[in-house]
Every structure is written in C-alpha cells, then in structure tokens.
Amino acid sequence: MYRRNVCKICDIIQNFRGNGDYYKLAPCYDSSLIIHAPVNSPKLTFRPLLTKAEIDNLVKKIPAIECADTNERTLENTYKVLFNSENHESLICIIKTAYVRGEAKSRKGQKRCEKDKIYFQKAEKALYGELAIVLGKSIDDTRSYIIEHVAALSA
Numbered sequence: 004m005y006r007r008n009v010c011k012i013c014d015i016i017q018n019f020r021g022n023g024d025y026y027k028l029a030p031c032y033d034s035s036l037i038i039h040a041p042v043n044s045p046k047l048t049f050r051p052l053l054t055k056a057e058i059d060n061l062v063k064k065i066p067a068i069e070c071a072d073t074n075e076r077t078l079e080n081t082y083k084v085l086f087n088s089e090n091h092e093s094l095i096c097i098i099k100t101a102y103v104r105g106e107a108k109s110r111k112g113q114k115r116c117e118k119d120k121i122y123f124q125k126a127e128k129a130l131y132g133e134l135a136i137v138l139g140k141s142i143d144d145t146r147s148y149i150i151e152h153v154a155a156l157s158a
C-alpha cells in the first residue's frame, strides 16, 4: 500500500532525475497511473496489505465501530481527518456515517449530501480495494462479502 493505493512495485529506478533511487509503482486499480516514490524518504507511507486473519478481525469489529459525531459545518473536515488517518476503522466510520446520514435524509425526502456521497465512495474504494486484492475477489464481491459477514454477526 502506498497512501491509499494498492500498488505493485514495478522497478527501482537508480538516480531518478538526479534525486536518488525511486520506486516505480503501478496502482492495481488504475493502469493509466505510474507513481514514482523515493526509496529513502522518511515521509514515505508504505505498508503491507492486511492479511486474511486481520481482515477477519476487522470484520468482527465493524458492528462496534461508531459513526462520526459531526454536523454539516464540520462534516468535510471530519471526513478528511478520518480518511487521512491511514486507519481501516476510520474508513469504516466514514462509510457507516455517510450511509446512516444518507438514509436519514432519504427517509425525510431530502437529497443526500454531496460530501457524504464523495467520501462514502472514496472510503469504499480505499477499503474494498485493499481487501479485494487479499481476498482474491472483485471490489463488488468484496463489498457483498463484508455485508454478508457483518449481517451474520448481527443475527
């Protein structure tokens, strides 16, 4: 993982543009993008993918993960902080919060908030994208897998 992208290291480029060694990364879900990241950067945010066991533990935690306590004024900032935290539970918090807020607005006959839609999609893409690679499933199948397992836990 590099930031929120599941990537494959394609190459290590020696002295890239005169700035030292760089990884050449190819995001798994965007074949048009190539990322160059310095090998020796202290700010580099690489981490390994979750294991299947870690995914199973994460799924078991989902029912207990709370929605974010926010209002319209602080919503975008709350979502940004959660999204940038590099934490799977934070992504789940965004998904749950946006879903619950959207359902509440829908029941009132109101339109869903654009910020909820945007961050819901970003969080789903980041979370399910990583889990899909580990589980060997598509993103849609991974979403269904998570929903089914959470429903079984709640039953």
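Read left to right, the sequence shown gives residues 4 to 158 (this note's numbering). Glycine included, each C-beta is placed from N, C-alpha and C at the ideal position.
Where do the ends of the beta strand (DSSP E) carrying residue i lie?
{"i": "ILE16", "result": "10 to 16"}
{"i": "TYR25", "result": "25 to 30"}
{"i": "ILE121", "result": "Note, ILE121: premise wrong, no beta strand (DSSP E); alpha helix (DSSP H) at 117 to 138."}
Return the CA-CA distance between residue i and residue j, expressed in angstroms with no decimal places.
{"i": "SER93", "j": "ARG110", "result": "26 Å"}
{"i": "PHE19", "j": "ARG7", "result": "23 Å"}
{"i": "ALA135", "j": "ALA71", "result": "25 Å"}
{"i": "ALA56", "j": "ALA107", "result": "34 Å"}
{"i": "VAL200", "j": "GLU75", "result": "Outside the displayed span of the chain (4 to 158) sits residue 200, for which this structure offers no information."}
{"i": "ILE37", "j": "VAL103", "result": "36 Å"}
{"i": "THR73", "j": "CYS96", "result": "12 Å"}
{"i": "TYR148", "j": "GLU89", "result": "22 Å"}
{"i": "ARG50", "j": "ASP59", "result": "19 Å"}
{"i": "ASP144", "j": "ASN22", "result": "42 Å"}
Please work out which residues of its chain come closer than 6 Å, Cβ to Cβ, to residue i, disregarding the five sequence neighbours upstream and downstream, and give them in chain order.
{"i": "ARG146", "result": "TYR131"}
{"i": "LYS11", "result": "ALA29"}
{"i": "TYR32", "result": "GLY132"}
{"i": "HIS91", "result": "LEU61"}
Count the other CB atoms within 10 Å of the CB of residue i; is the residue buried (16 or more) or exposed (fewer)?
{"i": "THR100", "result": "buried"}
{"i": "ASP119", "result": "buried"}
{"i": "ILE98", "result": "buried"}
Enumerate in chain order the residues of its own chain whose CB-to-CB distance from residue i is below 7 Å, with the five nearest sequence positions on each side excluded.
{"i": "GLU117", "result": "none"}
{"i": "SER141", "result": "ALA135"}
{"i": "SER157", "result": "PRO66"}
In the DSSP assignment, find the unbroken alpha helix (DSSP H) run with residue i in it and report its ends.
{"i": "ILE95", "result": "91 to 110"}
{"i": "ALA40", "result": "Element bounds for ALA40: not the alpha helix (DSSP H) but the beta strand (DSSP E), 38 to 41."}
{"i": "LYS83", "result": "78 to 86"}
{"i": "ILE150", "result": "142 to 157"}
{"i": "ILE58", "result": "55 to 64"}
For residue i, which residues from the same chain have a beta carbon less than 8 Å from its beta carbon, with the 5 sequence-adjacent residues on both sides left out?
{"i": "HIS39", "result": "ILE16, PHE19, TYR25, TYR26, LYS27, LEU28"}
{"i": "GLN113", "result": "none"}
{"i": "VAL153", "result": "VAL62, ILE65, PRO66"}
**Request:** Would you check if the segment 115 to 127 and the segment 77 to 92 touch, i.e. whether three or more CB-CB distances between them fall below 8 Å?
**Result:** yes
**Prompt:** Is the segment 36 to 49 touching the segment 63 to 70, taking contact as three or more C-beta pairs under 8 Å?
**Reply:** no
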